[in-house]
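Trainee:
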Amino acid sequence: MIIFACQWCKDILTAGLAKGFFWTILLLLIVPFLLVALVSLLLLRATRRKRAACLPQAGTGPSQT
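Note that the sequence shown covers residues 2 to 66 in our numbering.
#1: Suppose contacts are defined by Cβ-Cβ distances below 9 Å. Is Ile-31 in contact with Phe-22 by that definition?
#2: Quick one: grab the DSSP three-state call for Pro-33.
#3: DSSP three-state call for Cys-10: helix, strand or coil?
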């Protein structure tokens, strides 16, 4: 026999809403980390592109003969 702390919790489990709460909580835990990773990736790509644009290309500099 399962004893519930409140009527609302009992209704959630019997109606099958617990699975929805599980996915919602999981989403709320994962999304902040994904956003930080995405912003970090975008900043890293922008930094690399900026550095690559500042470096002289091979064969385009003054020739020393």
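Cβ atoms here follow ideal geometry from the backbone N, Cα and C, with glycine treated the same way.
Just so we're clear, the structure is a prediction, and the values are computed from it rather than from any experiment.
Mentor: So, from the data block:
#1: Contact: no.
#2: Taken through DSSP and simplified to helix, strand or coil, Pro-33 comes out as helix.
#3: Looking at Cys-10 - three-state DSSP - the assignment turns out to be helix.
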